[in-house]
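Peer 1:
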């Protein structure tokens, strides 16, 4: 099946720094990608929809200036957590539907962010 | 977004069938029913989806009630590798997946 990768798989940073997380579709093109956040023992929460060639659309309550999303190509979307704080520590996961088939989305393995 | 209701947890014995229920009484006519599962510290994995008719694939079967207000994911022979959190999700025309709390499946050897 299709593969979505994320880099890095984990990152530890100091409070106040910015962290960039990459999401790549390895064997298909994705005009749309989705970013989720998951706190321990909780479900996934959709943060935003990343659209290739246009601005991302954010879910209610998600700060677009804090979570910068750039969909630079049909295979790459990046999420930058700006001025990270300990409360931003979470598991960040991206997903992408292959082509025009939105019935099956492929998820990345996730990136665990720890902010000290 | 339409909501789904699932039991918090279920248990099964290895090699026995498992029926995971999901209620979605506010489903609209164009909502698809999707199931994903998530193993610990991994991203979710697609399991199956359907609209009105029952569906089968290599992983599972999906039984959809005639009024579409509920559905059941069926794992025909549970293995230890099937232990995961199973999410029942209604997908509308926006293509976004809104995850609920899911059912944690424990498989006993």
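Protein chains in written order, with my numbering: chain G, 1 to 116; chain Y, 117 to 225.
Idealized CB from N, CA, C, for every residue including glycine.
On the premise that residue 137/Y lies in contact with residue 123/Y, defined as a C-beta separation below 8 Å, what is that separation, rounded to the nearest angstrom?
Peer 2: Numbered from its first residue, the second chain carries residue 123/Y at position 7. Numbered from its first residue, the second chain carries residue 137/Y at position 21. Right, the Cβ-Cβ distance comes to about 7 Å (below 8 Å), so this counts as a contact.
Peer 1: Along the segment 35–51 of chain G, where does the CB come closer than 7 Å to a CB of chain Y? Name the residues.
Peer 2: So the close ones are 43, 44, 46 and 49.
Peer 1: Does the pairing of the segment 12–22 of chain G with the segment 174–193 of chain Y give three or more beta-carbon distances under 8 Å?
Peer 2: Judged by Cβ distances under 8 Å, the segment 12–22 of chain G makes no contact with the segment 174–193 of chain Y, as fewer than three pairs qualify.
Peer 1: Tell whether a beta-carbon distance below 9 Å holds between residue 219/Y and residue 141/Y.
Peer 2: Taking the second chain and counting its residues from 1, one reaches residue 219/Y at position 103. Taking the second chain and counting its residues from 1, one reaches residue 141/Y at position 25. Contact: no.
Peer 1: Is it a yes or a no for the segment 154–171 of chain Y touching the segment 199–210 of chain Y, going by three-plus beta-carbon pairs under 8 Å?
Peer 2: With the cut-off at 8 Å, the segment 154–171 of chain Y and the segment 199–210 of chain Y touch.
Peer 1: Would you kindly work out how many angstroms separate the C-alpha atoms of residue 42/G and residue 75/G, rounded to a whole number?
Peer 2: Here the question's residue 42/G lines up with position 42 in the first chain. Here the question's residue 75/G lines up with position 75 in the first chain. If you take the alpha carbons of residue 42/G and residue 75/G, they lie about 29 Å apart.
Peer 1: Using the beta-carbon of each residue, which ones in chain G are nearer than 9 Å to residue 137/Y?
Peer 2: Within the second chain, numbered from 1, the residue matching residue 137/Y stands at position 21. Chain G residues near residue 137/Y: none, gap ~18 Å exceeds 9 Å.
Peer 1: Would you mind telling me which residues of chain Y sit closer than 9 Å to residue 107/G, beta carbon to beta carbon, in chain order?
Peer 2: Position 107 of the first chain holds residue 107/G. Near residue 107/G (Cβ distances below 9 Å), the residues of chain Y are 152, 154, 158, 159, 160, 161 and 162.
Peer 1: Between residue 218/Y and chain G, is the shortest Cβ-Cβ distance under 9 Å, so that the two count as touching?
Peer 2: By 1-based counting over the second chain, the position of residue 218/Y is 102. Yes, contact with chain G.
Peer 1: Within 9 Å (strictly less), CB to CB, does residue 110/G reach chain Y?
Peer 2: As a first step, residue 110/G must be located in the first chain, where it is residue number 110. Chain Y contact via Cβ: present.
Peer 1: By a C-beta neighbour count over all protein chains shown, 10 Å radius and 16 as the cutoff for buried, is residue 10/G buried or exposed?
Peer 2: For the purposes of this step, residue 10/G is taken as the residue at position 10 of the first chain. Per the 10 Å Cβ criterion, exposed.
Peer 1: Among 107/G, 61/G, 78/G and 88/G, which one has its Cα closest to the Cα of residue 69/G?
Peer 2: Taking the first residue of the first chain as position 1, residue 69/G is located at position 69. Nearest C-alpha to residue 69/G: 78/G.
Peer 1: Please report the residue range of the beta strand (DSSP E) in which residue 205/Y lies.
Peer 2: The residue labelled residue 205/Y in the question sits at position 89 within the second chain. Where residue 205/Y is concerned, the enclosing beta strand (DSSP E) stretches over 200–207.
Peer 1: If you follow the beta strand (DSSP E) that residue 69/G is in, where does it begin and where does it stop?
Peer 2: One-based indexing of the first chain puts residue 69/G at position 69. That run of the beta strand (DSSP E) goes 67–73.
Peer 1: Could you tell me whether any Cβ in chain Y is nearer than 9 Å to the Cβ of residue 32/G?
Peer 2: Reading the first chain from its first residue, position 32 is the one you call residue 32/G. Output row for residue 32/G: interface = yes.
Peer 1: Specify the secondary structure class of residue 196/Y as computed by DSSP and reduced to three states.
Peer 2: Taking the second chain and counting its residues from 1, the one referred to as residue 196/Y is at position 80. Residue 196/Y falls in the helix class under three-state DSSP.
Peer 1: Does any CB atom of chain B fall closer than 9 Å to the CB of residue 104/G?
Peer 2: Of the protein chains in this structure, namely G and Y, none is chain B.
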